[in-house]
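Enquirer:
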Amino acid sequence: MSIALWRELAGRPGPAERLSAAEESRVAGAVRRLSAGLTDARGLAGHRYLDDPDLLGAYLLFFAEVSRAQARAILGRLGPGGGAALDLGAGPGPLTAVLLERGFASVVAADHSPQALAILARAFADAPVRAVPWTAGDEGALPPGPFALITAGHLFNELDKRAGDRIERRAALCDRLAPRLAPGGRLVLLDPASHALNLDLLALRDALLARGWQIEAPCFLRGPCPALAQRAVCHAELRWRAPRLVARLAERAHLDKEVLAYSYLVLRAPGPPLPPADPRDVRVASELLRNKAGRERRIVCGVAGRFSLSAPGGDGRLRRLARGDALRVVAPEMRESGWGVGPSTLLERPPEAADR
């Protein structure tokens with residue numbers, strides 16, 4: 035999202051290509067406020083923060099860029115786009131922009147906020163994007179589709195967030211969206227990686243699995259989530275080169291954005307089962323760990339559940355991995371705690387779902 039767009043929407047005069055030092059400091063303060071309001075106390079989650087010019091700047095110039103990077107990482111694994119897409123809870127459109135980049139012919143961007151809808155109309159005036167008002171529970175306001183892809187970026191964690199039955203309500207929303215998916219279509223949920231919100235997404239995963247939904251990614255395991263049973267986090271991380279302004283705002287706001295952590299699910303509606311996963315395929319579910327003897331390991335998750343993948347300290351291959359990476363482990367050593375990387379072990383990139 036551009037500085038020029040923020041100036042136009044917020045009524046802030048100035049050059050279209052840069053912020054003044056005072057503006058940058060003010061927006062960085064708003065980035066800090068919005069970060070705390072959406073993650074820690076969560077006092078701003080679900081509220082109309084886009085009506086505040088400073089918070090609008092924080093979202094457009096910082097958080098939208100983060101969401102776009104996360105969405106690119108997820109959608110890039112699903113192959114090229116095509117047909118129509120629905121961006122649910124679109125906000126000012128960071129995921130809408132990525133859907134267009136991925137080659138979708140048209141996007142319906144739905145949101146409850148009049149300010150977000152106005153931004154969408156302005157930002158995508160020359161693109162095949164239709165902005166429609168929508169509030170969770172009012173699915174009659176949405177076009178019937180069919181959609182090849184439905185995305186919900188940083189939306190589900192805000193729905194019914196204080197309700198004791200919030201997981202059931204969110205699963206029911208997915209069920210109401212299922213008829214709008216084209217055959218073979220996908221529902222992509224992107225949410226933050228903080229512990230409590232991540233556990234909620236894992237609980238939603240299991241609730242949907244029980245309803246017949248299929249988990250295409252990130253899971254190779256088709257059964258109940260072992261991380262949820264252990265109350266352990268399971269999210270992905272993305273190393274990225276932040277745009278210059280984003281990096282400066284992060285530094286001023288004292289936020290570490292060199293690595294982006296996020297949670298996600300790629301789902302298919304109840305129907306024909308997906309092909310079984312290769313038992314050699316796992317996904318990295320932890321940071322790099324070391325024992326007293328110097329052996330390095332990662333917690334991974336695959337068809338057999340969560341277990342340890344370890345290697346001698348001098349091997350180095352586990353260091354190049356990140357949370358969320360998928361790998362195929364060929365000829366592992368069988369160890370008491372899981373798999374070991376030995377002289378004959380190969381670590382390969384497995385085909386993503388779109389390649390299989």
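Positions 35 to 390 (our numbering) are the ones given, in order, by the sequence shown.
The beta-carbon is built from N, C-alpha and C at its ideal position, and this holds for glycine as well.
For F96 versus V65, is the C-beta distance shorter than 7 Å?
Expert: Cβ atoms of F96 and V65: closer than 7 Å.
Enquirer: How is V100 classed by DSSP in three states: helix, strand or coil?
Expert: The answer is helix: DSSP assigns V100 an H, G or I state.
Enquirer: Given R164, which residues of its chain have a CB within under 6 Å of its CB, disregarding the five upstream and five downstream residues?
Expert: Result list for R164: V142, in chain order.
Enquirer: Under the DSSP definition of a beta bridge, which residues are partnered with R331?
Expert: Bridge partners of R331: L323 and S344.
Enquirer: Do the stretch 153-161 and the stretch 183-203 meet, that is, are 3 or more Cβ pairs less than 8 Å apart?
Expert: No: fewer than three Cβ pairs fall under 8 Å.
Enquirer: Say whether the stretch 254-272 touches the stretch 304-319, bearing in mind that this needs 3 or more beta-carbon pairs closer than 8 Å, one atom from each stretch.
Expert: Result yes; three or more Cβ-Cβ pairs closer than 8 Å.
Enquirer: Could you check which residue in G174, S344 and V222 has the C-alpha nearest to that of V375?
Expert: It is S344 whose Cα lies nearest to the Cα of V375.
Enquirer: Note down the Cα distance separating P128 from P310, rounded to an integer number of angstroms.
Expert: Between P128 and P310, the C-alpha separation is close to 33 Å.
Enquirer: Could you please give me the residues that DSSP links to G179 through a beta bridge?
Expert: Bridge partners of G179: none, in fact.
Enquirer: Could you give the distance in angstroms between the alpha-carbon of Y93 and the alpha-carbon of T379?
Expert: When rounded, the distance between both Cα atoms is 45 Å.
Enquirer: In this structure, what does DSSP give as the bridge partners for V163?
Expert: In the DSSP output, where bridge partners are listed per residue, V163 has V141.
Enquirer: I think R265 touches L233, with their Cβ atoms under 8 Å apart; what is that distance to the nearest whole Å?
Expert: Confirmed, about 7 Å.
Enquirer: Does the Cβ of T169 have 16 or more other Cβ atoms within 10 Å, making it buried, or fewer, making it exposed?
Expert: The residue in question, T169, is exposed, as its Cβ has fewer than 16 Cβ neighbours within 10 Å.
Enquirer: On the three-state DSSP scale, how would you describe G450?
Expert: This structure leaves residue 450 out entirely; the chain is present only between 35 and 390.
Enquirer: Under three-state DSSP, which class holds R76?
Expert: Model confidence at R76 stands at a pLDDT of 49, short of 50, so the residue's coordinates are unreliable; what they give is reported in the following sentence. Three-state DSSP puts R76 in coil, outside helix and strand.
Enquirer: Beta-carbon separation of L68 and L90 under 7 Å?
Expert: Their beta carbons are not under 7 Å apart, which means L68 does not touch L90 by this criterion.
Enquirer: When burial is assigned at 16 or more other CB atoms within 10 Å of the CB, is L361 buried or exposed?
Expert: Counting Cβ neighbours within 10 Å, L361 comes out buried, since at least 16 surround it.
Enquirer: According to DSSP, what are the bridge partners of S297?
Expert: Answer is D225, bridged to S297.
Enquirer: Do G219 and A186 have their C-beta atoms closer together than 7 Å?
Expert: For G219 and A186, no; Cβs fall outside 7 Å.
Enquirer: Do three or more CB pairs link the stretch 321-331 to the stretch 295-313 at distances below 8 Å?
Expert: Contact fails: fewer than three Cβ-Cβ distances are below 8 Å.
Enquirer: Taking C-beta to C-beta, are I184 and L223 nearer than 7 Å?
Expert: No. Outside cutoff.
Enquirer: Since I believe A295 is in contact with E271 (beta carbons under 8 Å), could you give me their beta-carbon distance rounded to a whole number of angstroms?
Expert: Contact flag correct, Cβ pair sits at about 5 Å.
Enquirer: Taking just the CA atoms, how far does I153 sit from L43?
Expert: Their backbone Cα atoms lie some 8 Å apart in a straight line.
Enquirer: Give me the Cα-Cα distance between P217 and Q248, rounded to the nearest whole angstrom.
Expert: So the two alpha carbons sit approximately 13 Å from each other.
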